[in-house]
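Asker:
2 protein chains.
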Amino acid sequence: MSRRTFHRVGEVERRRDLIAATLDVIAEQGLRAATVRQISARAGVTGGLIRHYFTSKDQMVQAAYRELMQGMLRTVDDAVQACSSGRDRMRAFIEANLHDTVTNARTITLWAAFIGNVKLDPDFAAIHREYYLAFLDQLESVLAQFLDEAGQGLDKPSLREKTIAVNGMIDGLWLEQSVAGELFRETEAAEIAYRSVEKLLGLGEGMLA
Amino acid sequence: MSRRTFHRVGEVERRRDLIAATLDVIAEQGLRAATVRQISARAGVTGGLIRHYFTSKDQMVQAAYRELMQGMLRTVDDAVQACSSGRDRMRAFIEANLHDTVTNARTITLWAAFIGNVKLDPDFAAIHREYYLAFLDQLESVLAQFLDEAGQGLDKPSLREKTIAVNGMIDGLWLEQSVAGELFRETEAAEIAYRSVEKLLGLGEGMLA
DNA sequence: GCCGGAATTATTCAAGCGTATAATATCAAC
DNA sequence: GTTGATATTATACGCTTGAATAATTCCGGC
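In order, the protein sequences belong to chains A and B. In this text, residue positions in the first sequence follow our numbering: the first is 1, and each later residue adds one. In this text, residue positions in the second sequence follow our numbering: the first is 210, and each later residue adds one.
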């Protein structure tokens, strides 16, 4: 008749654990399975605790969405910042986007689960917009440096257009690779991306690949 | 104390109505809201009827997924078949993919809702794979004709690679346009796609745009 | 050591879920 | 018209859901 023993953890860590558990459950069993009970079991706590840290289950799920996007953004940013030349950064950007830390069943499943709510829920829409613009800005700065160093600097509107095109292409390849990865060779997507970006930017072959 | 009156309709029509109602509910309120009661209410029948036409609710949802994919495939195919020259077909393909009959909140929401299950459920995986390959084949044949007529015919592996790259780019733009369409000018995505495909195929400017 | 506040558990509740089954209204055939 | 088959409705059942509340356990400050 005794209660479970438990130990207290700092608020920051507990929130992080709950968000991690939320992502785990969604990734492994889908949004439908992301119930208060499943998530709390995964986090090793009881359901009531969720409402102690989040005003509702939905708010916790939104926090998990933010966490996923932030992680993807940071992964790519770290890879880019580790390089200095425009060419290396461009290569790092592509590689990071198509590397299997980002391109895997877990990430695409999570991403799709959330994207499905973007048009239905204003809260999700706001989060999506925020990170979409961040992704775009990230790529634009890499692209600007790369083109400058190649002596192909562009005016702002042209740069923005190229950014959208390249971003779209890489997103598309990311999607293809993630969802239908078994149809690609190991590094095929990255190779295609290198050559495609060269072409999109009007550069000669071999500038990236 | 009288029952609702009703009238019988053919099996084909009833199934179609139920599938349409399923898509409507998912598009408007998400997969979570796609319950037997919601869907049957939308279709103007009672819940029990669903189990009369489908062995389970999940099977009906899968049928709805197939219906969505088939519709997208057919929309593009109709547009392509209405043209004859390779250039016109290529243009029609791009335009159809980025036209707002395919690029809209409804379609992207439905698509994302289903994609989120592809990695979790073998039945969804099978449906996805079937239509992904059909989309690729569709594009490959358009691309082959276009390149042949431009005197730039490719061997089979190169053609497949180009197909994947172009498909990825168009998918990415489709995604961007669908999810963040308010950030684009009306025809911006299609224009970007024209120029990007030219570049991806190594053709001169103006071949498509 | 023990006290008090707060983190955590335990329990409860009404609502909604998918499915099974029984009752009944419809419609074609004659 | 009646009848027979069956499409459709109605109802019930056992479970699960998110949330609210009450009861406890932990642990830093004293």
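Glycine included, every Cβ here is placed at the ideal spot set by N, Cα and C.
1. Can you name the residues of chain A whose CB is closer than 8 Å to the CB of B:Ile401?
2. From B:Gln271 to A:Glu188, what distance separates their C-alpha atoms?
3. I'd like the list of long-range same chain contacts for A:Phe93, defined as Cβ closer than 6 Å, with 5 residues on each side in sequence excluded.
4. Which stretch, first to last residue, makes up the alpha helix (DSSP H) that contains A:Phe6?
5. Against chain B, which members of the stretch 98 to 127 of chain A pass a CB distance test of less than 7 Å?
6. Using a 10 Å radius around the Cβ and a threshold of 16 neighbouring Cβ atoms, would you call A:Val9 buried or exposed?
7. Measure the alpha-carbon distance for B:Leu368 versus B:Ala291 and round it to whole angstroms.
8. Would you mind sorting B:Asp380 into buried or exposed? The rule is 16 or more other CB atoms within 10 Å of its CB.
9. Which class does B:His308 belong to by DSSP, given the choice of helix, strand or coil?
10. For A:Met169, collect the residues of the same chain with a Cβ closer than 6 Å to its Cβ; drop the 5 residues on either side in sequence, then sort them by chain order.
11. Tell whether a beta-carbon distance below 7 Å holds between B:Leu282 and B:Ala343.
12. Looking only at its own chain, which residues have a Cβ that is under 7 Å from the Cβ of A:Ala34, when we skip the five neighbours before and after it?
13. Measuring straight from C-alpha to C-alpha, what distance separates A:Gln38 and A:Asp17?
14. When DSSP labels each residue in this structure, what does A:Asp155 get in the three-state scheme?
15. Within the chosen definition, does the stretch 316 to 336 of chain B reach the stretch 355 to 365 of chain B through at least 3 CB pairs nearer than 8 Å?
16. Can you give me the C-alpha to C-alpha distance between B:Ser202 and B:Val254, rounded to a whole angstrom?
17. Would you say B:Asp233 lies against chain A (beta-carbon separation less than 7 Å)?
18. Pick out whichever of A:Arg32, A:Glu11, A:Tyr194, A:Met207 has its Cα sitting closest to the Cα of A:Gln152.
19. Run down chain A in chain order and give the residues with a C-beta less than 9 Å from the C-beta of B:Lys266.
20. Can you round the beta-carbon distance between A:Ile50 and B:Ala321 to whole angstroms, since I take them to be within the 8 Å contact cut?
21. Candidates A:Ile108, A:Glu95, A:Asn97: which alpha carbon is nearest A:Gly30's?
Answerer: To lay it out plainly:
1. Glu161, Ile164, Ala165, Gly168
2. 31 Å
3. Val80, Val142
4. Note, A:Phe6: premise wrong, no alpha helix (DSSP H); not H, not E.
5. Ala105, Ile108, Thr109, Ala112, Ala113, Ile115, Gly116, Asn117, Val118, Lys119, Leu120
6. exposed
7. 23 Å
8. buried
9. coil
10. Ser196
11. yes
12. Thr22, Val25, Ile26, Val61
13. 14 Å
14. coil
15. no
16. For residue 202 of chain B there is no data in the structure shown, the boundaries of chain B being 210 and 418.
17. no
18. A:Met207
19. By Cβ distance, chain A contributes nothing, its closest Cβ being about 12 Å from B:Lys266, past 9 Å.
20. Between B:Ala321 and A:Ile50 the Cβ distance is about 25 Å, and since that is not below 8 Å, they are no contact.
21. A:Ile108
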